[in-house]
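These notes concern the structure reproduced below.
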Amino acid sequence: MCPSSERTDPLRQRLLSAGRSLLDAEDGGNFDPASVCAAAGAPPESLPRLFGDWDAYRCALLAAMIDEVRERVARITSNMPAGIERLKLALETYLEANVQRPPLRRLLSDLRFTPQGADLIRGRVAGFGIVLGVELRTLGRPHPEATARLLTAAVTEIAQAEHEAGTRVPALRRTLLRYLDRSA
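Going by the UniProt record's numbering, the residue at position 61 of the sequence shown is 61; the numbering climbs one at a time, nothing skipped.
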């Protein structure tokens with residue numbers, strides 16, 4: 001995790017915002033260090049000075065985007081009682097965020113084979129599994145950790161399939177939700 005001073009550095013935030021804007025552009029074709037610095041109104045040496053290298057910058061951007069999804073899920077489910085419906089809504093919200101944010105999936109795909117990206121993704125997937133395990137344990141589900149691992153793998157695969165399809169894959173989502181209903 002970034003030290004808090006890094007998260008609040010105005011230039012760092014401008015560079016991350018510029019990257020988001022460029023990624024959100026229709027084709028994302030101008031997403032490179034020079035374009036990010038130009039869009040942020042920052043000198044070209046800013047990005048390597050603040051992030052180290054391009055992969056580290058993209059990892060910071062990916063981490064921020066994943067955090068936004070996690071915060072959205074928490075916000076949407078925060079007033080619901082613990083239960084299968086809250087878990088289903090959380091998983092649906094996560095999957096929907098991935099469909100609505102192609103740049104998120106694109107960064108995940110691009111970074112998964114870089115050392116920094118693989119570490120980031122592995123950590124976030126592990127955290128996702130831990131949260132699911134806690135939720136399942138709270139619900140009194142049998143084998144909560146094993147079930148959480150299976151759910152994590154399923155959600156990851158559904159998100160990837162939807163990224164490749166460029167849209168929701170309802171059959172996969174229905175299967176996931178039926179599994180949750182039947183594994184009670």
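C-beta atoms are modelled at their ideal positions from N, C-alpha and C, and glycine is treated no differently.
On a predicted model such as this, the values are computed, not experimentally measured, just so you know.
Is Leu108 closer than 8 Å to Arg173 when the C-beta atoms are compared? no
Can you round the beta-carbon distance between Leu50 and Arg20 to whole angstroms, since I take them to be within the 8 Å contact cut? No, Leu50 and Arg20 are not in contact; Cβ-Cβ is about 16 Å, not under 8 Å.
Would you tell me roughly how many angstroms separate the C-alpha atoms of Trp54 and Cys37, rounded to the nearest one? 12 Å
Is Leu132 closer than 8 Å to Ile121 when the C-beta atoms are compared? no
Touching by the beta-carbon criterion (3+ pairs, under 8 Å), the stretch 70 to 80 and the stretch 139 to 159: no
From the beta carbon of Gly19, is the nearest beta carbon of chain B less than 8 Å away? No chain B is present in this structure, which holds just one protein chain.
Given Tyr179 as reference, the closest of Phe128, Arg101, Arg141 once Cα atoms are compared: Arg141
Output the boundary residues of the alpha helix (DSSP H) element that contains Asn98. 84 to 100
Quick check on Thr167: does DSSP put it in helix, strand or coil? coil
Which ranges does the alpha helix (DSSP H) cover as unbroken runs of at least 4 residues, wholly within the stretch 11 to 53, from first to last along the chain? 33 to 40, 46 to 51
With a cut-off of 8 Å on the beta carbons, I'd call Leu61 and Leu176 a contact; round off their distance for me. The pair is not a contact, with the Cβ atoms about 28 Å apart (cut-off 8 Å).
What did DSSP end up calling Pro81 once you bin it into helix, strand or coil? coil
Run of the alpha helix (DSSP H) containing Gly127, from where it starts to where it stops: 115 to 138
If you draw a straight line from the alpha carbon of Arg14 to that of His143, how long is it in whole angstroms? 45 Å
Considering only residues of the same chain and omitting the five flanking positions on each side of Ala42, which have a CB-CB separation below 7 Å? Leu11, Arg14, Leu15
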